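Shown next, in structure tokens, is the structure this report addresses.
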Amino acid sequence: MLKMNRRNFIKVSGGTAAAVATAPSLLKAMETELGGKDFSPVTYGERQAIPITCHFCNIQDGAIAFVENGRVVKLEGNPEHVSTRGRLCAKGNAGMWYSYDPDRILYPLKRVGARGEGKWKRITWDEALAEIAQKLDAAIKEDPNTVMLKYGRNRTGGAIDRFMHTLGSATLVNHTSVCESSKKIGMEPTWGPDIETPNFANSKYILNFGSNIYEAAYFHNPYSQRIVEGTAENKAKLVTFDVRLSNTAGRSDEWIPVFPGTDGAVALAIGHVILRDDLQDSDFINTWTNVTVQELKAHYQSYTPEWAEKLSGVPAATIERIAREFATTKPATTYTYRGPAKHLYGSYNEKACMMLPIMTGNIETRGGYCMPRGMGWPQPEPQPPKPAKPSYLSHPDEYPLAGHKVSHLTPFWIAEGKQKINVYFTYQDNPVYTNPGAQAVWGKLFRDEKLIPFYVSMSPFMGEETALADIILPDCPYLERWEPESMPNSLWPWLGIRQPVIKPLGEARENRIILRDIIHKLDPDGSRGMKQYWNFKDGEDYLRHHFDNVPGLKEAGGLDFLKKHGVWPIYGKLDPATGKIVDKTGREIVPEYGLHKKEIPEAEMAGTTIEANGVIMKNGKAIGVQRNGKNHVGFPTGNRLINVRVDQWAEYGFNPMPTFKRIPWHETMKDDELVLTTYKINVHKQSRSAAVKWLAEIMHSNPVWMNTVTGEKMGVKTGDLVRVESAVGHLVTKAYVFEGIHPKVVAIPTAFGHWEYGRLATLKLKEKGGAFGAQDDPDLKNVWWDDKGVHPNAIIPVVADPIGGSQGWYDTVVKVTKAGPNDKYGDVKGDWDKHQEAFKETLRYAYTGDLHRKMHPEMSAWVGPESVKHKPAGGH
Amino acid sequence: MQALVSVPVHGEASFDPQELKEDLLARAGIYRLLSSAFGGEPGAGFLAGLRQPEALAGLAEMGISLDRDFTDPPLDQLEETLACEYASLFASPGGCLPVESARLTGRTQQEPYYEVQADYRRLGFEVRPGRFAIFHDHLGVELAFLAELLGQSAAAAEAAEGRELRRLEKEIKRFWSLHLGRWARGFGRLVERAADHSFYREMARLLLGFAEDEISRLGIRVEDADGSIVEQPQPETEGLTCGGNPMSHDPVASEVPVSLMTG
Chain A
1 MLKMNRRNFI KVSGGTAAAV ATAPSLLKAM ETELGGKDFS PVTYGERQAI PITCHFCNIQ
61 DGAIAFVENG RVVKLEGNPE HVSTRGRLCA KGNAGMWYSY DPDRILYPLK RVGARGEGKW
121 KRITWDEALA EIAQKLDAAI KEDPNTVMLK YGRNRTGGAI DRFMHTLGSA TLVNHTSVCE
181 SSKKIGMEPT WGPDIETPNF ANSKYILNFG SNIYEAAYFH NPYSQRIVEG TAENKAKLVT
241 FDVRLSNTAG RSDEWIPVFP GTDGAVALAI GHVILRDDLQ DSDFINTWTN VTVQELKAHY
301 QSYTPEWAEK LSGVPAATIE RIAREFATTK PATTYTYRGP AKHLYGSYNE KACMMLPIMT
361 GNIETRGGYC MPRGMGWPQP EPQPPKPAKP SYLSHPDEYP LAGHKVSHLT PFWIAEGKQK
421 INVYFTYQDN PVYTNPGAQA VWGKLFRDEK LIPFYVSMSP FMGEETALAD IILPDCPYLE
481 RWEPESMPNS LWPWLGIRQP VIKPLGEARE NRIILRDIIH KLDPDGSRGM KQYWNFKDGE
541 DYLRHHFDNV PGLKEAGGLD FLKKHGVWPI YGKLDPATGK IVDKTGREIV PEYGLHKKEI
601 PEAEMAGTTI EANGVIMKNG KAIGVQRNGK NHVGFPTGNR LINVRVDQWA EYGFNPMPTF
661 KRIPWHETMK DDELVLTTYK INVHKQSRSA AVKWLAEIMH SNPVWMNTVT GEKMGVKTGD
721 LVRVESAVGH LVTKAYVFEG IHPKVVAIPT AFGHWEYGRL ATLKLKEKGG AFGAQDDPDL
781 KNVWWDDKGV HPNAIIPVVA DPIGGSQGWY DTVVKVTKAG PNDKYGDVKG DWDKHQEAFK
841 ETLRYAYTGD LHRKMHPEMS AWVGPESVKH KPAGGH
Chain B
877 MQALVSVPVH GEASFDPQEL KEDLLARAGI YRLLSSAFGG EPGAGFLAGL RQPEALAGLA
937 EMGISLDRDF TDPPLDQLEE TLACEYASLF ASPGGCLPVE SARLTGRTQQ EPYYEVQADY
997 RRLGFEVRPG RFAIFHDHLG VELAFLAELL GQSAAAAEAA EGRELRRLEK EIKRFWSLHL
1057 GRWARGFGRL VERAADHSFY REMARLLLGF AEDEISRLGI RVEDADGSIV EQPQPETEGL
1117 TCGGNPMSHD PVASEVPVSL MTG
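One line per chain: the protein sequences are A and B, in this order.
Residue 1 is where the first sequence starts when you use this note's numbering, and the numbers rise one by one after that.
Residue 877 is where the second sequence starts when you use this note's numbering, and the numbers rise one by one after that.
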């Protein structure tokens, strides 16, 4: 007689679970359609599917645009894309509204009133190009470097650089210092690449420092998929250090609140425990880094958990536990984004964090911390030579290690007269909104016609920066452009394209065509030697130069293959049961690990010499590392090793070893002072999405987050108006009081509070005596919200990491009080003079500044700034 | 506003060909005038013609009164002023695009764009690029299209081709019913209020009056939908929510959806 009872069921079920797991499942959840096809709900006809690479934000997901009767009606993920595997985020789904925005700029416009007055005249392309060419001609004759181009998002694949090189100007400035440059600079000299590609799906332990990877950080769509796989299928533990309960922190196994800017201290203390308890991977350290285990142990000795607790607020016991868990769970990885990096000494923080996978040997392993895999493409020939003269604004003397530039200090340097500007171009850049100081700093710069005599914006939208231009050239949104793409957003390298889904609307032209047309106007007969570099018919022709000769792709069909599939290679098919890419046998595809261990072919070893430390030299260059008789390619650094000790940093008086520097003004904070941080959310990007109606409806306001304890102290509750005041300005907004934020921190998301960018972003039309009103506008008729939010950047002062050049977004000390009788919601005031004082203050931390030595007593042997000669740094 | 022409007679060949031709051409002339006014920045020739005494007198007789800001400035200055006004009203962000898709759907190049394009093609027309590219469902193009159909009607009238006249009248009615009639009047009202310059204010008045007259003359009934998308129910927006619905309502009836309670 069988004993059928609950107790036995549990016992048998538990005991046989492992065995059952190996047997094939006979049922699965039903998937009706994997994607790649779509049908009209009216005619049932199949819609035209055009593969593209999404460019709503910069994750570069593989996508498909569905076109019906000439209109883009739907966007979804491309199931052939190895990284994003058929999934597209909310932003990507809404991308077609960029093209069809009624506030889009469709014609060249010339300013007819004062800058920023909003008065324009429509002019022809020929008139616009003629005027620009005339100004460029004069500027180049004076000094090519007086032509400046600053871009925010540049996915032209080299066209922007080609343009500036054609003009002979080195004054090409990016946006990276307000993005993640100190993360890049923290990593590059250490192991080569500027970012990691963790193998989340196969990891067992994920230590996340300050990255909101589930909704906004690089590369949130493909990575959030893999983290979910890692945590749900592989039972990985996800631990997040963050100042606030982000959606990522909320979905982690543990959220550990940390005081802003102290992630590095926590990471060093975790390293201390690992080294103290001999939990490190000594073999990896001794084989692949430029330090020994003993050196590391000695260096980490002072970074105790108790020391870190005092700085970060993270209990020493928690640090001890996390350290042991991380070191003893294999494989494990860390991931970081802006949290650690966007501080005065963000590069040190990043370096401290990346030391954890290094010292535990989790580098380039399955489930570990891997190098990014990307692909390149050749540039069309002939190519213009690089500019003859360096540009101060591109490589400022005070920041020789900031290979990704220090663009957020540009207005102050121009105002100081460090470099004269005659013609200023912007491309997909909105510093008047996105940079520290915002309108108080960049708005002032662009309004000053002495500092910026002629300003051309290449933009499809009237952003805060474009509204101040002299001439606007209508650029195309991403569904109307040709662009080459590759992003290391999974462990499988790929090449992709963006191709026009519809023809440019109005008189919009894609950027590479605009640039070509400017050059052709400047050098119509080719006699100036410029036109030869812009000898292509259209965007497709340009891309053929890129893609028709890439080995492998060429054989597959070159650009024609990409036009059909959107991406190359196609690694396999999307499995409807798992959502993963499988090969012909039905097995999930496996990436290549251990790139550094690849062996150098025997033929390439001819003519090499081996140095005492095993580095293989050829023609004066390190090409690999010899270990145990094998010749490995090593890491893509100057010496093919992981440089735990970055000697170049020491040249400038910075600590070459992993270290932490507390932000001095955080040490002296008073009880009623808080740190203001900002963040991004899942349905908006930094500045260019507030006019996208689907997204604006989902989220359109941004109250300041405040901890319950902090709110109680001030008598502030959710919905109350509060005044947030920093050293450079103040704003008035609503409070959202809850427990999901560090008590010493307040946080305001960006993407809101626009004063330009169209009717949905600003919630108003041109107010001509009330003549234009919501009642007349079909969009605004359906807008049920009346709160557009408050933008915080005007009250955030500039801070520059003296190593990486990054803006210290999360370093601002503020006082928050209940709003006074004269305060009203939406007030924002920043002061140029005070911002300028902040600029001068941050320069004191540069290697040439008076506070540099004070911050680095351990570098007392350093001779001083006069001991080094500035040389333009690397980076890209 | 006075009727400009007599209502076409529907019976086979029961009309005076010459009189009808003149009526149709007169109406086509008003379409062309409005098309020129809204289709792009007015050129010097167009403005000079409009400033001729007989033109101003004709407009005044109709009730269109152009102010001194139109009649007095030097021609080149007027041209420049109106170019800026045109850009501000119709061709730069924040203005009101004179485009059917934008007015009716809140976005450019939607269904109306492709529908009118199909109409143009079916009847043997294509949009000619002018100084600037123009949407197919731009007010200027839609008006020009009807002017062309009226021109063809006039030729048919002269040739006493009743069947052709009826066919063209059907096309014109259909186009008003499906397109212009759905937005031209509301748009005219908006521009009349929004314009700074008397030229656009008065052209907007003419657009509105002429549209009403044409709709009446053609005997069609079409609601103007310009800027009048059905309003969505206004949700309660006071207070901030996070993971729940703190909106106050009777807790006893909390199982009843709020939408039903307020309905």
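Cβ coordinates follow ideal geometry from the N, Cα and C atoms, glycine included.
None of the values given here were measured: they were computed from a predicted structure.
| Item | Value |
| --- | --- |
| Interface flag, A:ASN8 vs chain B, CB-CB below 8 Å | no |
| Continuous beta strand (DSSP E) stretch holding A:TRP809: start and end | Segment: none, A:TRP809 is in no beta strand (DSSP E) and carries neither H nor E. |
| 7 Å Cβ cut-off: residues of chain A touching B:ALA1009 | GLY506 and GLU507 |
| Proximity of A:TYR877 and A:GLY264 at Cβ, strictly below 8 Å | Because chain A here runs from 1 to 876, residue 877 of chain A falls outside it and cannot be looked at. |
| Under 9 Å by beta carbon: chain B residues contacting A:ARG71 | GLN985, GLN986, GLU987, TYR989 and TYR990 |
| Near-chain B residues of the segment 444-477 of chain A - C-beta to any C-beta below 8 Å | PHE461 and MET462 |
| One or two residues paired with A:HIS666 in a DSSP bridge | None, per the DSSP bridge assignment. |
| C-beta neighbour in chain B for A:MET859, strict 8 Å | no |
| As assigned by DSSP and simplified to three states, the class of B:THR1117 | Low confidence applies here, because B:THR1117 scores a pLDDT of 41, under 50, leaving its location unreliable; read the following figure in that light. Three-state result, B:THR1117: coil. |
| A:ASP672, DSSP secondary structure in three states | coil |
| Beta-carbon neighbours of A:TYR107, restricted to chain B and to distances below 7 Å | ALA967 and PHE1008 |
| Under 8 Å between C-beta atoms of B:PRO1154 and B:HIS1012 | The requested residue 1154 of chain B is not part of the displayed model; chain B covers only 877 to 1139. |
| Range covered by the beta strand (DSSP E) that runs through A:VAL625 | 621-627 |
| Range of the contiguous beta strand (DSSP E) that encloses A:GLN48 | 48-53 |
| Contact set between the segment 90-123 of chain A and chain B, restricted to residues whose Cβ is under 8 Å from the partner | TRP97, SER99, TYR100, ASP101, PRO102, ASP103, ARG104, ILE105, LEU106, TYR107, LEU109, VAL112, GLY118, LYS119, TRP120, LYS121 and ARG122 |
| Any C-beta of chain A under 8 Å from that of B:THR1113 | Its pLDDT being 43, under 50, B:THR1113 is placed unreliably in this model, and the coordinates cannot settle the point. |
| Option nearest A:ASP137 by Cα separation, candidates A:ARG528, A:ASN435 and A:VAL625 | A:ARG528 |
| Check whether A:THR750 and A:GLN686 have beta carbons under 8 Å apart | yes |
| Interface residues of chain B facing A:ARG759 [CB-CB closer than 9 Å] | PRO969 and GLY970 |
| Beta strand (DSSP E) segment containing A:PRO257, residue limits | 254-257 |
| Contact check, A:VAL239 vs A:LEU207, beta carbons under 8 Å | yes |
| One or two residues paired with A:ASP242 in a DSSP bridge | A:PRO257 |
| Cross-chain neighbours of B:LEU973 in chain A, by beta carbon under 7 Å | PRO102 |
| Chain-ordered residues of the segment 888-914 of chain B with a beta carbon less than 9 Å from chain A | none |
| Nearest-angstrom Cβ-Cβ length linking B:CYS972 and B:ALA1070, presumed shorter than 8 Å | 7 Å |
| Closest Cα partner of A:ALA819 within the set A:ALA747, A:HIS835, A:ASP720 and A:THR842 | A:ASP720 |
| Opposing strand residues paired with A:GLU588 [DSSP bridges] | A:VAL582 |
| Identified DSSP bridge partners for A:PHE209 | A:PHE241 and A:THR336 |
| Of the residues A:GLN294, A:THR842, A:TRP120 and A:TYR533, the one placed nearest A:ASP801, counting alpha carbons only | A:THR842 |
| Positions along the segment 922-938 of chain B whose CB lies within less than 8 Å of some CB in chain A | none |
| Every unbroken alpha helix (DSSP H) within the segment 97-142 of chain A, with a cutoff of 4 residues, ordered by chain | 125-142 |
| DSSP-derived helix/strand/coil call for A:SER224 | helix |
| Meets three-Cβ-pair contact criterion under 8 Å: the segment 385-397 of chain A and the segment 415-422 of chain A | yes |
| Euclidean distance between Cα positions of A:GLY470 and A:ASP101 | It should be noted that the sequence gives Asp, not Gly, for residue 470 of chain A. Going from the Cα of A:ASP470 to the Cα of A:ASP101 covers about 22 Å. |
| Beta-carbon gap between A:GLY95 and A:GLU80 smaller than 8 Å | no |
| With 16 other Cβ atoms within 10 Å as the buried cut-off, status of A:LEU356 | buried |
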